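In this text, residue positions in the sequence shown follow this note's numbering: the first is 273, and each later residue adds one. Where a beta carbon is used, it is the ideal one built from N, C-alpha and C, also for glycine. As the structure is a computational prediction, the values presented were derived from the model and not from experiment. For reference, the structure discussed in these notes is given below.
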Amino acid sequence: MSEAPPFRTIELSEPSLTEPGLRFATVKSPALRRRADVTFYVPEQDSVTAQRLPLVLLLHGVYGSHWAWALKGAAHRVLQKLIKVGECEPMMLAMPSDGLWGDGSGYLHHQEADYARWIVEEVPTLAALVEPRVTKAPLFISGLSMGGYGALRLGARFAEKFAGISAHSSITDFRQMEGFVEEPMDTFKLSSDEEPGVFEAMLHRRGKLPPFRFDCGTEDDLIEYNRVLHRDLDHEGIHHVYEEYPGAHTWEYWTEHVADTFRFFTSVLRAK
Numbered sequence: 273m274s275e276a277p278p279f280r281t282i283e284l285s286e287p288s289l290t291e292p293g294l295r296f297a298t299v300k301s302p303a304l305r306r307r308a309d310v311t312f313y314v315p316e317q318d319s320v321t322a323q324r325l326p327l328v329l330l331l332h333g334v335y336g337s338h339w340a341w342a343l344k345g346a347a348h349r350v351l352q353k354l355i356k357v358g359e360c361e362p363m364m365l366a367m368p369s370d371g372l373w374g375d376g377s378g379y380l381h382h383q384e385a386d387y388a389r390w391i392v393e394e395v396p397t398l399a400a401l402v403e404p405r406v407t408k409a410p411l412f413i414s415g416l417s418m419g420g421y422g423a424l425r426l427g428a429r430f431a432e433k434f435a436g437i438s439a440h441s442s443i444t445d446f447r448q449m450e451g452f453v454e455e456p457m458d459t460f461k462l463s464s465d466e467e468p469g470v471f472e473a474m475l476h477r478r479g480k481l482p483p484f485r486f487d488c489g490t491e492d493d494l495i496e497y498n499r500v501l502h503r504d505l506d507h508e509g510i511h512h513v514y515e516e517y518p519g520a521h522t523w524e525y526w527t528e529h530v531a532d533t534f535r536f537f538t539s540v541l542r543a544k
């Protein structure tokens, strides 16, 4: 008996109608029980010689969706430039929507839909259908703001799946979402098995964490939360890289510093 397909329906954009390397996908997600979207980027073919292509999950912030990293942050162009000058290994980008709950799902497991499973399990599965070379290749996760929270927390909670984690301008605890979203915190209705704190997730999996880094702009309202996370991790002896740069909670900052994410993931790949 043949295995059931992972998605009931998959719609893919026509490559000739988009910027080279970009593909847009819509699938019926079992985790979300509705349709969901992902933007993919595969580097120019002449820069990809290996049989395996590492996959980077890039998570957006509140109010955004799957297109934000590419069409507001130019993440794919940043990556391609770094590949061309030899600063980065070729990688595929998967830029999913967060599931479009309210102003932002937090990439958490709600009682009515599992936004964490969508990211950790279903998006990599879909990426492998679009580009088979990512199958069994190293998997990385990154994001900005709410997406930084998702990257740090999911990267820790599912540490065995990821080769590296990077985050920019991150929310560091679920309660900080209150400063960004219209929805009251109790309407998130998180699953009873959810673990909403970044530090707690990392503490529970200390010794199993992949290499990780995070940064924040010195004019960002979230800077103190990031400094506290850095100090707490230092206090517990959990190895990490933390950096601060001039800048605020803006796309100018994220477009510039997503390059640090790609360089960091490249350093992980080249160290193996």
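Residue i, DSSP secondary structure in three states
i: residue 300; result: strand
i: residue 511; result: coil
i: residue 273; result: Here the model assigns residue 273 a pLDDT of 42, short of 50, so the residue's position is not dependable, and the following value carries that caveat. Residue state, collapsed to three classes: coil.
i: residue 384; result: coil
i: residue 524; result: helix
i: residue 322; result: coil
i: residue 401; result: helix
i: residue 359; result: coil
i: residue 280; result: coil
i: residue 535; result: helix
i: residue 348; result: helix
i: residue 377; result: coil
i: residue 338; result: coil
i: residue 291; result: coil
i: residue 543; result: helix
i: residue 394; result: helix
i: residue 353; result: helix
i: residue 285; result: coil
Whole-number beta carbon distance between residue j and residue i, since they are thought to touch under 8 Å
i: residue 473; j: residue 425; result: 5 Å
i: residue 468; j: residue 445; result: 7 Å
i: residue 552; j: residue 443; result: The shown model of the chain, from 273 to 544, leaves out residue 552, and the question about it has no answer.
i: residue 508; j: residue 481; result: That belief does not hold up - the Cβ atoms of residue 508 and residue 481 are roughly 11 Å apart, past 8 Å.
i: residue 479; j: residue 519; result: Their Cβ separation, rounded to whole angstroms, is 33 Å, which puts residue 479 and residue 519 out of contact at 8 Å.
i: residue 521; j: residue 441; result: 5 Å
i: residue 214; j: residue 310; result: Summary: the structure shown does not reach residue 214, with the chain confined to residues 273 through 544, and so no result is reported for it.
i: residue 552; j: residue 286; result: The first residue shown for the chain is 273 and the last is 544, placing residue 552 beyond what the model contains.
Bridge partners - residue i, DSSP secondary structure assignment
i: residue 364; result: 327
i: residue 311; result: 296, 367
i: residue 415; result: 331, 439
i: residue 517; result: 489
i: residue 372; result: DSSP, once it has assigned bridges, lists no residue as partnering residue 372.
i: residue 563; result: Outside the modelled stretch of the chain, which goes from 273 to 544, sits residue 563, for which no answer is possible.
Which runs of the beta strand (DSSP E), 3 residues or longer, sit entirely within the segment 421-509?
-> The beta strand (DSSP E) runs of length 3 or more contained entirely in the segment 421-509 are, from start to end of the chain, 436-440, 484-489.
Segment contact flag, the segment 519-537 with the segment 332-351, C-beta cutoff 8 Å, min 3 pairs | Counting Cβ pairs under 8 Å, three or more are found: they touch.
Touching or not, the segment 402-410 and the segment 322-330, by the rule of three or more beta carbon pairs under 8 Å?
-> Touching, per the Cβ criterion.
Cβ contact (3+ pairs, closer than 8 Å) linking the segment 295-310 and the segment 350-360 | Flag = no, the segment 295-310 and the segment 350-360 do not touch.
Is the number of C-beta pairs between the segment 307-314 and the segment 424-439 that are closer than 8 Å three or more?
-> Taking a cut-off of 8 Å on C-beta distances, the segment 307-314 does not touch the segment 424-439, as fewer than three cross pairs fall below it.
For the segment 535-542 and the segment 329-339, state whether three or more C-beta atom pairs, one from each stretch, are separated by less than 8 Å.
-> Contact between the segment 535-542 and the segment 329-339 is absent, because fewer than three Cβ pairs lie under 8 Å.
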